[in-house]
Amino acid sequence: MPRKPDQSANRRHEARAAAPLLNTWARKQGLLARRRFVPCRTIDIDRGGMAIAAATLQLATGDKVVLRIDHEDRQHLVEGVVGYRHPLDSGIQYGIIFIRVPYEFDTLLERLLKDGGTVDREVPAPAPAVGRKTHVPHLRLVKGTQRRAEKRAYLPGLSLRAARKQHFKHALFMKCELVDIGCGGIGFRSHALQQPLLSRVELELYYKDRCLRIDGMVSFFHPDAQGSGGRYGVEFLSVPPELTRLLDRLAEEYQGDQDKSR
529 MPRKPDQSAN
539 RRHEARAAAP
549 LLNTWARKQG
559 LLARRRFVPC
569 RTIDIDRGGM
579 AIAAATLQLA
589 TGDKVVLRID
599 HEDRQHLVEG
609 VVGYRHPLDS
619 GIQYGIIFIR
629 VPYEFDTLLE
639 RLLKDGGTVD
649 REVPAPAPAV
659 GRKTHVPHLR
669 LVKGTQRRAE
679 KRAYLPGLSL
689 RAARKQHFKH
699 ALFMKCELVD
709 IGCGGIGFRS
719 HALQQPLLSR
729 VELELYYKDR
739 CLRIDGMVSF
749 FHPDAQGSGG
759 RYGVEFLSVP
769 PELTRLLDRL
779 AEEYQGDQDK
789 SR
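Here it is in C-alpha cells:
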C-alpha cells in the first residue's frame, strides 16, 4: 500500500508566506550547467528558503542553483542550494535553501512575511497529494552553506562611477547616484548604464582624494518609469581591505553626528 507523504517533513522552521506574485526562474550553477533559466511555480517562501516546482528542471539534492525572481518590475538574483526534491505528477518540487541573498530581496522578504499573510509555523506545509512510495525528505543544510544578506546604509561623502566589465579595453565609466552601501554590496541609480542581471561591472568609489576600484555582479534591477536606466543592486566580488576600514569609519562618524543632532 503506498505510503502517505510525511507532511511534517516538508516544514521549515520559520514563518512562511505564500508567494503567488513572485515569478521565479531557476538554473543549476556551475561551469558545465545549462545557462538557460527554467520557469518555476513558487509555492511558499521564508527568510531561509523557498519551495518551487518545475516540470523540466532537473536538480539533485545538494546542487547549487541561481534563482531569478521578479516582483513588481523588480528583478532579483538569489543563490541557493537544493535541500530536498520530491516528485509530483506534473514535475518535481524542490526546497531551496538560500545561500546568498541581495539586500533588496531581503527587504522584500520582510514585507512579504509581514503583510502577505504568514503561515503559522505549527501548521504543516501542504504536501503534494500523490500516492507514491516516497516521502518528502527533511530540509537539511549542506555543509558550507550559510544564508548571507549583507545590510546596507546611506553614507554621505561618497561618490560613485560604474562601467561594464571590460577585459581587453578601457571601461567607459558613468556617474551614478549612490543609494546605499555595505561591506557586501552597493545600491545606486544610473540613467545611462544598461546592465542585465548576472552581468559583471566595475565600480570606482570616491571619498575625498581616494578612489577604490571594486568588481561586482548585478543582483537587482528596477527600471525607471521613463525607461532610461534604473536602480541597481550590485554584490561585491572583491572587497579591498581599505573599503571595509573606510565604511566602518564613516558609519561611526555618521552615527556620532546623528547622536549629536538629537
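Under our numbering, residue 790 is the last one in the sequence shown; the count climbs by one each step, no gaps. Glycine included, C-beta positions come from ideal geometry on N, C-alpha and C. Values in this document were obtained by computation on a predicted structure and should not be read as measured data.
Quick check on residue i: buried or exposed, where buried means 16 or more other Cβ atoms within 10 Å of its Cβ?
i	result
Arg-613	buried
Asp-572	buried
His-719	exposed
Gln-621	buried
Ser-618	exposed
Cys-704	buried
Gln-783	exposed
Asp-574	buried
His-698	exposed
Gln-694	exposed
Glu-492	Residue 492 falls outside the range modelled here, since the chain spans only 529 to 790, and no answer is possible.
Gly-576	buried
Ser-789	exposed
Gln-786	exposed
Pro-769	exposed
Tyr-760	buried
Tyr-631	buried
Ala-579	buried
Gly-685	exposed
Leu-667	Its pLDDT being 43, under 50, Leu-667 is placed unreliably by the model, and nothing is read from it.
Ala-583	exposed
Glu-607	buried
Leu-587	buried
Leu-765	exposed
Arg-773	exposed
Ala-753	exposed
Is residue i helix, strand or coil when you go by DSSP?
i	result
Glu-705	strand
Leu-688	strand
Lys-788	helix
Gln-783	helix
Asp-776	helix
Give the C-beta separation of residue i and residue j to the nearest angstrom, bearing in mind that I take them to be a contact with Cβ-Cβ under 8 Å.
i	j	result
Arg-555	Arg-564	6 Å
Thr-589	Val-610	5 Å
Thr-552	Leu-595	6 Å
Asp-708	Tyr-682	5 Å
Ser-747	Leu-725	7 Å
Leu-771	Leu-740	5 Å
Spell out the partners DSSP gives residue i in its beta bridges.
i	result
Ala-546	Asp-572
Asp-554	Looking at the sequence itself, residue 554 is Ala, so the reference to Asp does not match. Ala-554 pairs with Val-566 and Leu-595.
Ala-681	Ile-709
Subject >> Ranges of the beta strand (DSSP E) found wholly within the region 575-649, counting only runs of at least 3 >> reply: 577-582, 592-599, 602-616 and 619-628
Subject >> Whole alpha helix (DSSP H) elements within the region 699-770, 4-residue minimum >> reply: none
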